[in-house]
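Everything on this sheet refers to the single structure shown next.
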Amino acid sequence: MTEAQTETKPGQRPSHPDITQRKDAWWGEPATIATVFISFIIYATYRVFENNYFESGNFLSPFYSPKLVFDWWKFSPAILILWIPAGFRTTCYYYRKAYYRSFFMTPPACAVDPYGKDGYTGETKFPFVFQNLHRYFFYLAALVLIFLWYDAVVSLFKPEGGMQLSVLSIVMFANCFFLSGYTFGCHAYRHLCGGSLDCFSSCTKAKTRFKVWEFVTKLNEHHMGWAWFSLFSVALTDLYIRQVCTGAASPIVLFQF
Amino acid sequence: MSEHKAKEATLKVYRGDGKEGKFETYKVPMEAGMVVLDAIHYIQANYAPELAVRWNCKAAKCGSCSAEVNGHPSLMCKTRMDHFEDGEEIVVQPIKTFPLIKDLVTDVSWNYRVNEKIKPFTPDESDTKEWVIYQEDIERVQEFRKCIECFLCQNVCHVLRDHEKKDGNEQFMGPRFLVRAAGLEMHPKDTADRLEYLKEEGHIGYCNITKCCTEVCPEEIHITDNAIIPLKERVVDEYYDPLGKMIKGIFGGGKKK
Ligand code: SF4
Ligand code: SF4
Ligand code: FES
Ligand code: FES
Numbered sequence: 014m015t016e017a018q019t020e021t022k023p024g025q026r027p028s029h030p031d032i033t034q035r036k037d038a039w040w041g042e043p044a045t046i047a048t049v050f051i052s053f054i055i056y057a058t059y060r061v062f063e064n065n066y067f068e069s070g071n072f073l074s075p076f077y078s079p080k081l082v083f084d085w086w087k088f089s090p091a092i093l094i095l096w097i098p099a100g101f102r103t104t105c106y107y108y109r110k111a112y113y114r115s116f117f118m119t120p121p122a123c124a125v126d127p128y129g130k131d132g133y134t135g136e137t138k139f140p141f142v143f144q145n146l147h148r149y150f151f152y153l154a155a156l157v158l159i160f161l162w163y164d165a166v167v168s169l170f171k172p173e174g175g176m177q178l179s180v181l182s183i184v185m186f187a188n189c190f191f192l193s194g195y196t197f198g199c200h201a202y203r204h205l206c207g208g209s210l211d212c213f214s215s216c217t218k219a220k221t222r223f224k225v226w227e228f229v230t231k232l233n234e235h236h237m238g239w240a241w242f243s244l245f246s247v248a249l250t251d252l253y254i255r256q257v258c259t260g261a262a263s264p265i266v267l268f269q270f
Numbered sequence: 017m018s019e020h021k022a023k024e025a026t027l028k029v030y031r032g033d034g035k036e037g038k039f040e041t042y043k044v045p046m047e048a049g050m051v052v053l054d055a056i057h058y059i060q061a062n063y064a065p066e067l068a069v070r071w072n073c074k075a076a077k078c079g080s081c082s083a084e085v086n087g088h089p090s091l092m093c094k095t096r097m098d099h100f101e102d103g104e105e106i107v108v109q110p111i112k113t114f115p116l117i118k119d120l121v122t123d124v125s126w127n128y129r130v131n132e133k134i135k136p137f138t139p140d141e142s143d144t145k146e147w148v149i150y151q152e153d154i155e156r157v158q159e160f161r162k163c164i165e166c167f168l169c170q171n172v173c174h175v176l177r178d179h180e181k182k183d184g185n186e187q188f189m190g191p192r193f194l195v196r197a198a199g200l201e202m203h204p205k206d207t208a209d210r211l212e213y214l215k216e217e218g219h220i221g222y223c224n225i226t227k228c229c230t231e232v233c234p235e236e237i238h239i240t241d242n243a244i245i246p247l248k249e250r251v252v253d254e255y256y257d258p259l260g261k262m263i264k265g266i267f268g269g270g271k272k273k
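Keeping their order, the protein sequence lines are chains A and B. Residue numbering for the first sequence follows my numbering, beginning at 14 and increasing consecutively. Residue numbering for the second sequence follows my numbering, beginning at 17 and increasing consecutively.
So this is what it looks like as structure tokens:
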């Protein structure tokens, strides 16, 4: 029988002398997520301020859609629109989990306790109390999504007339598909479409809402997956369009008439 | 009894109370199908009869044997020994969040005091007809009824565990009681309103939906997705969505209450 006397640090208990006893790579997930987030933010910021290479023929980058061009606005038109998807994702229940863990370390991983008693206020005070406005961002993001579907359809038409199917159009449709799965699996929407009811069978309207809620629940179960797939698809769609604009890539027309 | 030559496991178990104590190392012969609780019982029977441990069913159904095994909050009777590497040192600690009485036994009575603050099931008194409740109306609530009150979620929740929001007007009710409140709020026959309690006293806003409660729940209740987030959205309905309230005021609708 060996013995190991453990020292008590302030605020810690002799039964829990370290921030964790976990032996697995608990820091792996928050570190990976932080890296991906930072890369995406750098790329998106670069693209917004590049203010170029976002439209080629009928192909419009999702970062710049809907295209808002006004005389009084001298900066990148992307700024006028990107606050919507940015706000939607920042207040998203899944991304909140991800960045609270990765950036704020509240907590970095389960049963890993870096803080001790402190002034933590969660989502009750400024700025995090604004997370409660997530549903407003949902309404706006759903609106933007309509434009993205419209852009994908428009990309099937050649500016000079006639139609074409290109790999780039397929990419744009796939992006819309992922974004739709993400947007309509939203927790706030799950509440609004039916979750707020206590009784699903009480009347016909409740029954329809129950059906919608059931579908949204299915999407919602994989909300994290949709969140990541749509983040990558949006960045890759933009990158592809950028490369087409610069002439580095072609939309790869499969057939046209 | 297995036929093979018995392997040995090494357990490092916390011995002591909340003020002082140390980790003691014990060797335990492995048996087929053995769980951590069996190993603790072996230690009790062979080396340390005074080792304090709380258990009852050994079937993951009573919720008594909560502890932390290699830093993971878990039921000792559900944690299989063959899940560890050969020769791995297995650290067994009491749960951290509640006052330690002795060795692996904690005083979880704080939870019962929180529970008393939740308005109990309140059906409509005038509803004297026989109740007919459809499966789709009660399914959500049934998930929450699976809770065995092991308090592993309360233990792992960083708001209670790390930031120690347990007392006074900063008390966080914790995931287990958010589950209970959700089961009552979503019950089709319940008429009470608990939203003010949830926001002002239970401080649902302290939860930052980082999902550790969901990760540890042995009953696999989707605590965050199905209980906490829907309740947060109901709190938003009441306190943070002036537009939604106005629309409901004009067109009617909303909840039965
Ligand atoms: S999701 Fe909320 S209640 Fe659950 S462990 Fe995290 S902070 Fe606590
Ligand atoms: S919700 Fe799950 S983890 Fe929490 S007390 Fe109940 S069974 Fe245990
Ligand atoms: S919860 Fe993720 S988009 Fe609303
Ligand atoms: S002894 Fe009952 S849950 Fe482990």
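All residues carry an ideal CB built from backbone N, CA and C; glycine is no exception. The structure displayed is predicted, hence computed values, not measured ones.
- Under a criterion of Cβ atoms nearer than 9 Å, no residue of chain A is adjacent to Q170 of chain B; the nearest Cβ is some 13 Å distant.
- Following the DSSP letters along the chain, one finds F53 of chain A inside the alpha helix (DSSP H) bounded by residues 41–63.
- Close to G129 of chain A, with beta-carbon spacing below 7 Å, are these residues of chain B in chain order: D178.
- Contact check for I239 of chain B against C169 of chain B passes: the beta carbons are separated by less than 8 Å.
- Residue state for K261 of chain B is assigned as helix, using DSSP reduced to three classes.
- In the structure shown, the three-state DSSP call for S69 of chain A is strand.
- For C229 of chain B, the CB stays at least 7 Å from every heavy atom of ligand 3.
- Per DSSP, reduced to three states, the secondary structure at R102 of chain A is helical.
- Contact between Q256 of chain A and M176 of chain A does not hold, since their C-beta atoms are separated by about 23 Å, which reaches or exceeds 8 Å.
- Within the model, the alpha-carbon separation for C78 of chain B versus K231 of chain A is close to 31 Å.
- At a cut-off of 8 Å between C-beta atoms, L153 of chain A does not count as an interface residue with respect to chain B.
- With the rule of 3 Cβ pairs closer than 8 Å, the region 21–30 of chain B does not count as touching the region 94–113 of chain A.
- Closer than 7 Å to some heavy atom of ligand 3: that does not describe the Cβ of C169 of chain B.
- A straight-line Cα-Cα distance of about 20 Å links E101 of chain B and F39 of chain B.
- When Cβ-Cβ separations below 8 Å define contact, T144 of chain B makes no contact with chain A.
- At least 8 Å separates the CB of L156 of chain A from every CB of chain B.
- For the region 223–239 of chain B, residues whose beta-carbon sits nearer than 8 Å to a beta-carbon of chain A comprise C223, N224, I225, T226, K227, C228, E231, V232.
- Apart from sequence neighbours up to five positions away, the residues of its chain that approach P90 of chain A with a beta-carbon distance below 7 Å are Y77, K80, L81, V82, ordered along the chain.
- Of the candidates B:L194, B:L176, B:V172, B:R177, the residue whose Cα lies closest to the Cα of C163 of chain B is B:L194.
- Against chain B, the beta carbon of R35 of chain A has neighbours under 8 Å at N86, G87, H88, listed in chain order.
- In this structure, C212 of chain A sits away from D209 of chain B, with a CB-CB distance that is not shorter than 8 Å.
- A165 of chain A counts as buried, since at least 16 other C-beta atoms from the protein chains shown sit within 10 angstroms of its C-beta.
- The count of Cβ pairs closer than 8 Å, one atom from the region 128–136 of chain A and one from the region 221–241 of chain B, reaches three, so the stretches are in contact.
- Contact annotation: in the region 92–124 of chain B, residues whose CB is within less than 7 Å of a CB in chain A are V107, Q109, P110, K112, L116.
- Per the Cβ contact rule, the region 110–121 of chain A is not in contact with the region 194–206 of chain B (fewer than 3 Cβ pairs under 8 Å).
- For R148 of chain A, a Cβ of chain B is located within less than 8 Å of the residue's own Cβ.
- With a cut-off of 7 Å, the C-beta of I97 of chain A is classified as distant from ligand 1, since no heavy atom of the ligand falls inside that distance.
- By the CB criterion at 8 Å, G199 of chain B and C173 of chain B fall outside the cutoff.
- Interface with chain B (8 Å Cβ-Cβ cutoff): T119 of chain A is included.
- For V29 of chain B, the nearest beta carbon of chain A is not closer than 8 Å to its own beta carbon.
- Listed along chain A, no residue sits closer than 8 Å to H57 of chain B by beta-carbon distance, the nearest being about 18 Å off.
- In this structure the region 41–52 of chain B does not lie against the region 118–126 of chain B, because fewer than three pairs of beta carbons, one per stretch, are closer than 8 Å.
- Going by C-alpha positions, L53 of chain B is about 44 Å away from F197 of chain A.
- In this structure, N145 of chain A lies away from Y213 of chain B, with their beta-carbon atoms at least 8 Å apart.
- Ligand 1 never approaches V142 of chain A closely enough for any of its heavy atoms to be under 7 Å from the residue's Cβ.
- Secondary structure of A208 of chain B (DSSP, three-state): coil.
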